[in-house]
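Peer 1: Reminder that position 9 of the sequence shown reads as 9 in full-length UniProt numbering, one-by-one numbering, no gaps. If you scroll down you'll find the structure; I have some questions about it.
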Amino acid sequence: MEEIANLLSDLQKLNEETKSAHSAKVLRGLRDRMDSDINSVLRKAKIVKTGLELLDRSNGENRRLSVEFRGGSAVDRMRISVTNGLRTKLRDTMNDFQTLRDKVLSDHKEYLRRRCYNATGEVPGEDEIERMVSGSGKVEVFEGRTELYLENKERHEAVMDIQRSLDNLHQVFLDMAVLVETQGEKIDEIEHNVANAGSFVSGGTNSLFYAKQVRKKGKKWVYWVWAVGLIILLVCFIAMLSS
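Pasting the structure below:
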């Protein structure tokens, strides 16, 4: 996770460097470094994803080892919580990479807007900028200007490559985020069942206590009836003797 975070930081710095670079050669070097960093992140993210899947299988096997480790037990919930804690961090990192992707695209649009304005004195519309970014639009302001043309070509290819790589990376992170939600729902369901079981046990305990109290009261009433009956018999017996 720390290595992925460091690579993200390096990518952010390289993206800032591209803003002040106007040479196609320099841009190509920055592009190669960004490609290398993104590929490294992609490899590490896939390794982490595989590791998380192995942890899930390990958690499942651990539940079968002992009754104390069964689903919903304190040990099982702790293992799942630790595993999902790592996934949550990865999901946050995924959002950071998505922010970087959006910024790279936004910076490129701003570059095109500024270059067009400097060349024509007019600010191009958003639709025109979108066509330039997608490659379907013709950037006439760069025609006949070799340096500008090469710079724009290098920037455009770099942005497209970075977007494709970050999209692939986003899909890997997205798969892990789905696993987080699935495991989270399982934990919530387990905790809900445990809470319900607790309430049933508590309710059963209260009912048993109430039944015991009723039984005690019933016994007391029987004793009182017997006592009153004996007193009546004694009174009658004494009356008979007196007569």
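Beta carbons are placed, not taken as given, at the ideal position from N, Cα and C, and that holds for glycine.
1) With a Cβ-Cβ cutoff of 8 Å, do Leu90 and Val41 count as a contact?
2) Given that a residue counts as buried once 16 or more other Cβ atoms are within 10 Å of its Cβ, and exposed if not, what is Asp76?
3) Nearest CA to the CA of Arg79: which residue from Met94, Asn62, Asp92?
4) So Val172 and Ala5 are supposed to be a Cβ contact under 8 Å. How far apart are they, rounded?
5) Using a Cβ-Cβ cut-off of 6 Å (strictly less than) and excluding sequence neighbours within five positions of Ala158, which residues of its own chain qualify?
6) Taking contact to mean 3 or more Cβ pairs, one atom from each stretch, closer than 8 Å, check whether the region 159 to 168 and the region 94 to 109 are in contact.
7) Inspect the beta-carbon positions of Thr83 and Leu55 and report whether they are closer than 8 Å.
8) Answer yes or no: do Phe97 and Leu174 have a C-beta to C-beta separation smaller than 8 Å?
9) Once you ignore the five residues that flank Pro124 on each side, which residues in its own chain have a CB closer than 7 Å to its CB?
10) Can you tell me which of the three DSSP states Ser165 falls into?
11) Within the same chain, show all residues whose beta-carbon is closer than 6 Å to that of Val201, passing over the 5 residues directly before and after it, in chain order.
12) Is Val123 helix, strand or coil when you go by DSSP?
13) Along the alpha helix (DSSP H) that carries Ala5, what are the first and last residues, could you check?
14) Enumerate in chain order the residues of its own chain whose CB-to-CB distance from Leu8 is below 8 Å, with the five nearest sequence positions on each side excluded.
15) Taking only the alpha-carbon atoms, compute the straight-line gap between Lys154 and Gly121 and give it to the nearest angstrom.
16) Please state whether DSSP places residue 298 in a helix, a strand or coil.
17) Grab me the residues of Thr18's own chain with a C-beta within less than 6 Å of its C-beta, minus the 5 sequence neighbours each way, in chain order.
18) Going by Cα to Cα distance, which pick from Lys25, Leu14, Gly51 is closest to Asp37?
Peer 2: Well, looking at it:
1) no
2) buried
3) Asn62
4) Not a contact, Cβ separation roughly 16 Å.
5) Arg31
6) Flag = yes, the region 159 to 168 and the region 94 to 109 touch.
7) In contact: Thr83 and Leu55 (Cβ atoms closer than 8 Å).
8) no
9) Excluding positions up to five away in sequence, the list reads Arg113, Cys116.
10) Residue state, collapsed to three classes: helix.
11) At Val201, the pLDDT of 46 sits below 50, so the modelled position is not reliable; the number obtained from the coordinates is stated separately. Correct list: empty, nothing qualifies.
12) The answer is coil: DSSP assigns Val123 none of H, G, I, E or B.
13) Residues 2 to 20.
14) Sequence-distant partners of Leu8 (beyond 5 residues in either direction) whose C-beta falls short of 8 Å from its own C-beta, in its chain, are Val41, Thr93, Asp96, Phe97, Leu100.
15) Before going further, note that residue 154 is Glu rather than Lys in the sequence given. Going by the C-alpha atoms only, they are around 24 Å apart.
16) No statement about residue 298 is possible, as the shown extent of the chain runs from 1 to 243 and does not include it.
17) Leu30
18) Leu14
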